[in-house]
Structures are given as C-alpha cells and as structure tokens.
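Structure follows, in structure tokens:
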C-alpha cells in the first residue's frame, strides 16, 4: 500500500486534491455556465436560420455591405489617429525630460474613464446644433448654421479622444520596459538617435502598437453609445434601429455578421499576442533608460501634451460642470436621480457579486486543473469578448420573449446579460491572483492534515480575498457604465444612471444629462486612478 | 613602441548625492587588454559608460586615439566615438537575424556581406547567420555580440561583465574562446569584471577599483604579488591578516618569527597578509590552534583554524590529510617568499 502511494507521488501524476463531491459540484457549476455562455450565439443562429427569405435578401443587399464598410473604415481610422496621438505621447512621457513628465504620465491615460456616450454627449452639447458654440455664435455674430459634426467626423474625433489611451498604455509599457542597452548598442555602432529610433525602437514597438491598435479597433466595433449619439450607422446602431422597428430577424442576422467581424479582429489580436513573446530578449533590463534631452523642443512638446489633455479631459470636465451649474440654476434639477443612482448601484452590485462568484470556479479549474477541457472552458469564456453588448441583449430578448416570458424584462435576465458580457474580465482578474498563490501553500495545508474543502476555506480563500475584491470592484464599475444591454433589457421603469443620461441626451436636454454623467465619470475614475498609481510605482 | 588608445584623466561622476567615480585616471596602450576589476557598486561600469559616451562626466577628460571625446565644453556622442560595446546582457536586436545584427554597424561603403562573413567566421558562427537571436544559446549570443561590436573595427572594445550571464559550466569554455578571439582581432580591449580570476586570466594590464577610485594598476602578476593596499590584497583572493611587531630579528607573530626586514622602526605594529598556500597546519595535541571547518575541494582541503588571539587563518592541505573540526594543530607560516605587510594606516610597507 505504502509503496504504491509513494510511487504515485514520485511519478508526478497530478494529486487528486479535491474530494469527489466538490469536484462534482465544481463541474456542475461549469456545465451550467457553458450552456449559458453558448445560449446567445446558438439562439442568434437559430433565429437567423428561421428568418424569412426577404431578411436574407436584405442582408445581401448593398446596405449591409455599406454598413460593413462604414464600420471597418471607422475602426481603421480611429486606430490610425489614436496611434498618431498616442505614440508621441508615450515617447514624451516615458523617455524624455519633458517638464512635469510624471504629471503628464498620470493624466494622459485618464480619458479612458469617460464612457463613450458621455464623451459623445459632451461633444454634441458643445458643437452640435443646439450646442454651446452655436448659441454663442448666434448671439454674437448671428451665425445660425455650423458645419455638421454628426456622422463620421464626430464619431472619429470622439472615439479617438476616448480610446487613444489603449495604444498609449501598451506602447509606453514597452518603451519603459525596453532594455536601454539595445538603443545604446545601436548608438555605439555609429547610428544617430533618429536612425536608432527608426531601425531599433520602432520595430520593437510593433507588437505593442498592434496590440493597442487592435484594442482600439475592438472598442470601436463594440461601441454603441458614441456612434448612436453621433448618428453614424455602424453595425451596433443599425442593429439597434432594426430592433426598435421590430425587424427582429434582420437584427439577428446583422448581429451575427458583427460577431463574425469581431471574431476576425480577436483572432488577429491573439496571433499578434503570441508573436510578441519572441520579442522579449536578454537577461532582463538592468537599468532605467537615460532620458532624452528635449532642449528647445520641449515647448512644442508641452503644447502637444497640453492640447491633447485639454481637448480630451479639461474640455469635457469643464462642459460637465457648466451644464451641471446651468441645470441647477434653471431648477431643472435631477429628476429622480437618486432613484437612478440606487438602481445603478443595485444592478452593478448584484452583477459584480454573481459574476465574481461564477468566475471563481472557472478560474480555479483553469489554474489548478490544467488540461484540455479546462483550456476549452477558458477559451469559451474569453470568446464572449466577441459579443458586443447589443448582440447579447438581442439574443436574450429573443430568448426571453419566446421561451421564458417570466424572465423577460426582469432583473435576473439583465444580470445574465451582464454575466455574459463581463465574465471574461472577472475570470481574468481572479485567475491572475490565483496564479500568485503557489500550490505549495495548499499542499502544505493538506500535508498538515486538512481536508480539501478546509484548505480552500482556510488557505486559498483568505489569500485570494484581495484579488476577489478588486475583481468585484472592476466588474461593478464596468456594469455601471454599460449602456446598450441595460437599455434593451432593463425592467420597465427601471432607470439607471446610464439610461437616464441616454434619454436626456436623446431629447437634447443637455443640462439634465450632466448630473448622471458626472456621477458615472467620478465612479469610473476610481479603478483607473488605482491602476495608474500602481503603474507609476512600478515605474519608479 | 606603443601608442595610447584610451586615456582618461580625472574623471568624476555623481548620481544624486552618490559619487560613483572620483578623479579616475587610466590609460590603455593600443592592442592591450585591460581589466577593470572591483566589487559591485565600485563605479567600474560607470567608467565604462563614460568612455562609451552613454554618460556625461561631471569633470575630467576622455581621449580615444589621441582625440578628445569629453572635456568641459566638448561632448562627442556615442555614435561618433568608434567604440565597440558588448553589453552585459548582449543586447542583440531581437528583430534582426545574426547577420543583420552584425551588419548593423557597418557603413555603406563597406563590403558588408564579406565583413559579416569574416567576423562570423572569427567567432565560429559562420553557419548561423540566418538565425534569430532567441534561437541561440547564451554562449552563442555572447559571441554574436562580440562579432557585432568588432565588425566596424572599433578603436577600443568595451565589455561589461562579459561572462556574468553564463552559467558556471559554460563560463570557462566561453572565456577561453573570447580570449582567443580578442587576441586574434588585435583589438584594444577594456573589460569590466568583479571576478579576479577572470581578470588575472585574460588581461595584460589590470586596474583595481574601489569606491569610485583606482586602488592599484599594473600587470596581473604585480597586482597579485604585491597588492598596494589592504583592500587589493583582500580582493585578489583569500587573504587572512596576522598582527605582528617589528623586532631586530624579523617580524614576531603568534605563528612564530618571520625573518623578513621592513623599513620600520623596531617595535612598530604591522599587519601581515597571508594566503592559504603560505600556511601549514601540523596535527599536534599540544598545538594552540583549533580547526574550525574543512572545505573539501577535491584536489585540496581548505581548512580554517582559530588562533589563540581569536583570528582565523586558512590553509590548503593535501586531500589525504583529514582533520576534524575541534582538532588541535600547530599553525606555522611557510611562505618561501616575503609576505606583504601593511602599517597602521593600511599602506604597504616596503621590504628592505
């Protein structure tokens, strides 16, 4: 007996360290999860199959092709302009003696905290037909018509200003993590600083540029708020309009095309991610890079940083405060805002709790029981990244109306939608902190005579708690900002901050939208501040 | 007749409040290999980077091939210095093949493919030109870094801790290879190391640094045989110190009388540097020294014993002589040459 036991340990077979029952329970949760995860796509496909022939004909009309073209063109343009803004910013804040460099480093990624529909709303409120600029011009000069900002230009500007931080963060991380010896080697081999940047630095930045750029492109593909407010017909808006006009089969078909498009971008992203690994070399960066002296160039550099931050951060903040004060003055204040806030907190809190509790077993299996099935499970979880909010919402509407009317327009269905949308995020966060806990802690506890369940409760869970809390707060804030699914799936009369803002903006009641917008921005800033502070600490 | 390839005069460099290099001067004759040796944090890498042009000195002057690189008001950027550098972690460009890495520093006028072939052959990697850096072993990466730095025929080649990234088994082989390649290329070389064995093995000249300053310079034999300061003596290898006193007949120590005359008055206290090969332990129940530990090194046993005064001394003994910790021994000095002595101020005392 003892011999056999010893041999098993030595041969290195995985030690079954969960009791049979807890394993079974775990797999039960997972099975439930998998069916929920598969539900939306499966349902969309079924729905699309049963669509009438005219819906299919519609799909193959020029209009769909135009939508594809518009969507891809917007994604591409925003990616390019984001890179043009982000690369100089990254270089200036990571590698030069730019005055107040640390301050700029903290401030430049901040536009990430502005939800796209808030950014679009503020932009429209300033430059749109009933906006500030036009009012002022009319009063002072009698000008009543302005160039139209709606459509492509508005969407491009708003989305660029909100999503350039994705490129900025990934490029800057690479720049400040890059071994300075590489550039020094190039210099000592007789190449000027400019040639060195072109022949060494830029090629090494390519993976970061690709990864950041694809994040931007995915952001644009999934975005609903900005394109809807800017009235630019990309997929998400066209789907929403089809849904609103009860053309549901058409909406389902369009949603599937959008999913396919997103999948292509995701596949590209993974490819790039894997290739990027080869680019890390050497025994590790030894010293921080020496900073480039800007000399007289620091004035244009400062102007550039100031300009970007001014347009993407200071202007929106100023507008927000302006509209808020104007609303307060007019006594137009904040009808039912407290109810909307409470609803937002309730939905986000419940969402965060259920999502993190679901993510826990998934992450646990993925980390502690690596194998073919768990890898599949992990992939499946991440595959919901390919489902934009509007697609998930649609699928659940169809499902609810036809098969579960008792679920339709209830909070639980909304929570399921949130789960589908944000589970990957939570699994990622929990997985990361689980990876930090070396299995030897658990093995030590087992060897000290504790049963698996006890080990989990006394060792794993306490060690995991900080990770769970940060995952929960991340999900909480993401759920609070979510717009399209909330718009479509919320119970009748269930107003959240996001939907309150949406309805005010739809009617161009800019002052009414200010209060929920401000609350949303303040709440979203919390995790971002935390993230930036941590990055800074790693930096120094 | 030897010209001077590199001349540093009075170099100083501080980071924040920390003085990394102070008033450092050194010269490297053309075609020689100079080792800059010192403990970590002594400023040797900073010196290297000052010569390469990656740092600006606060004061002092650097000349390479009779041309001023740095002086007050003059600063030639690294790319104009014709200095080859082999980085501690090699810094091979990960996006370029070996051949492209090596060709990177070659000018347009040069027959690049021919020079690349020539240099790769010199480091014994002729067949691997198409490989990418991550496909190579550590020792091969090292040789590519060397080839890349040598390809443009630099006036001086700088190597920063060239062997510290390699594991011990590999190190000896690579060290021999690199020494051979360097000799063959005829390059002037400055290499930085904290390993005195490496410095002794590979250099024509060495400079020992401590705390940003030069402690001693000279041939390896000079520095090892006649350390100028107590620091050098300790750093150059296992050294114990005995206290002694000058008498009319020689030096009186607790391990007996050393017949060695010093330029010091009778009665003056001295510290005598003894290495393990200068000391013998003879098993003796009446001996006053006690064995503390044995370090079995295969060919030899290294023993340490405590003297009545409490000082520790080490001794190499044949591997056949086994002494247990606690055993009594008689410790005697048997150098066969005069030993290095230091006065109260840790300055070396000349032998008369």
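Chains as they are written, first to last, in our numbering: chain F, 1 to 540; chain G, 541 to 892. By construction, the Cβ of each residue, glycine as well, lies at the ideal position given by its N, Cα and C atoms.
Give the residues of chain G in contact with residue i, contact being defined as C-beta atoms less than 8 Å apart.
i: residue 184/F; result: 592, 594, 618, 625, 627, 631
i: residue 179/F; result: 629, 631
i: residue 290/F; result: 594, 595
i: residue 190/F; result: 619, 620, 622, 645, 647, 692
i: residue 187/F; result: 593, 594, 617, 618, 619
For chain F, check one thing: does any of its Cβ atoms lie closer than 7 Å to the Cβ of residue i?
i: residue 827/G; result: no
i: residue 635/G; result: yes
i: residue 555/G; result: no
i: residue 679/G; result: no
i: residue 876/G; result: no
i: residue 701/G; result: no
Could you list which residues in chain G have their beta carbon closer than 9 Å to that of residue i, in chain order?
i: residue 204/F; result: 633, 634, 635
Below 6 Å CB to CB, which residues in the same chain sit around residue i once its five sequence neighbours on both sides are set aside?
i: residue 844/G; result: 832, 833, 852, 854
i: residue 588/G; result: 698, 700, 732
i: residue 799/G; result: 790
i: residue 633/G; result: 641
i: residue 89/F; result: 108, 168
i: residue 463/F; result: 437
Kindly list the residues whose CB is nearer than 7 Å to the CB of residue i, restricted to its own chain and excluding five residues on each side of it in sequence; keep chain order.
i: residue 809/G; result: 783, 785, 884
i: residue 502/F; result: 117, 483, 487
i: residue 555/G; result: none
i: residue 291/F; result: 95, 96, 97
i: residue 161/F; result: 111, 119, 311, 312
i: residue 470/F; result: 429
i: residue 773/G; result: 767, 779, 813, 880
i: residue 43/F; result: 395, 398, 399
By Cβ distance, which residues of its chain are closer than 8 Å to residue i, with the 5 residues on each side in sequence left out?
i: residue 715/G; result: 703, 738, 741, 742
i: residue 30/F; result: 361, 362, 365, 377
i: residue 550/G; result: 563, 564, 565, 599, 600, 601
i: residue 254/F; result: 59, 64, 67, 235, 238, 239, 242
Taking C-beta pairs closer than 7 Å, name the residues in chain G that residue i reaches, listed in chain order.
i: residue 200/F; result: 633
Against chain G, does residue i count as a neighbour if the rule is that its beta carbon must be under 7 Å from one of theirs?
i: residue 526/F; result: no
Continuous alpha helix (DSSP H) assignments of at least 4 residues falling wholly in the segment 23-109 of chain F: 53-59, 62-95, 101-107
Continuous alpha helix (DSSP H) assignments of at least 4 residues falling wholly in the segment 362-412 of chain F: 372-383, 389-403
Beta strand (DSSP E) segments (min. 3 residues) lying fully within the segment 857-885 of chain G: 868-873
contact_flag[the segment 658-667 of chain G, the segment 594-611 of chain G] where n(CB pairs < 8 Å) is 3 or more: no
Inter-stretch contact (C-beta, 8 Å, three-pair minimum) for the segment 574-590 of chain G and the segment 548-559 of chain G: yes
Segment contact flag, the segment 346-353 of chain F with the segment 435-452 of chain F, C-beta cutoff 8 Å, min 3 pairs: no
The segment 432-443 of chain F touching the segment 373-391 of chain F, judged by at least three CB pairs closer than 8 Å: no
Cβ contact (3+ pairs, closer than 8 Å) linking the segment 590-601 of chain G and the segment 745-765 of chain G: no
Complete beta strand (DSSP E) runs within the segment 751-784 of chain G (minimum length 3 residues, chain order): 753-758
Secondary structure, alpha helix (DSSP H): runs of 4+ residues fully inside the segment 299-339 of chain F: 315-329
Cβ pair count under 8 Å reaching 3, the segment 60-69 of chain F against the segment 396-405 of chain F: no
At least 3 beta-carbon pairs within less than 8 Å: the segment 247-260 of chain F vs the segment 177-194 of chain F: no
Completely contained alpha helix (DSSP H) runs for the segment 626-653 of chain G, where each covers 4 or more residues: 638-643
Complete alpha helix (DSSP H) runs within the segment 141-200 of chain F (minimum length 4 residues, chain order): 152-177, 180-188, 193-196
Touch test, the segment 866-874 of chain G against the segment 817-827 of chain G, Cβ-Cβ under 8 Å, three pairs minimum: yes
Cβ contact (3+ pairs, closer than 8 Å) linking the segment 119-131 of chain F and the segment 35-53 of chain F: no
Validate contact between the segment 509-516 of chain F and the segment 317-325 of chain F using beta carbons, cut 8 Å, 3 pairs: yes
At least 3 beta-carbon pairs within less than 8 Å: the segment 683-692 of chain G vs the segment 623-631 of chain G: yes
Entirely enclosed beta strand (DSSP E) segments - the segment 567-629 of chain G, minimum 3 residues: 573-577, 599-604, 607-611, 623-626
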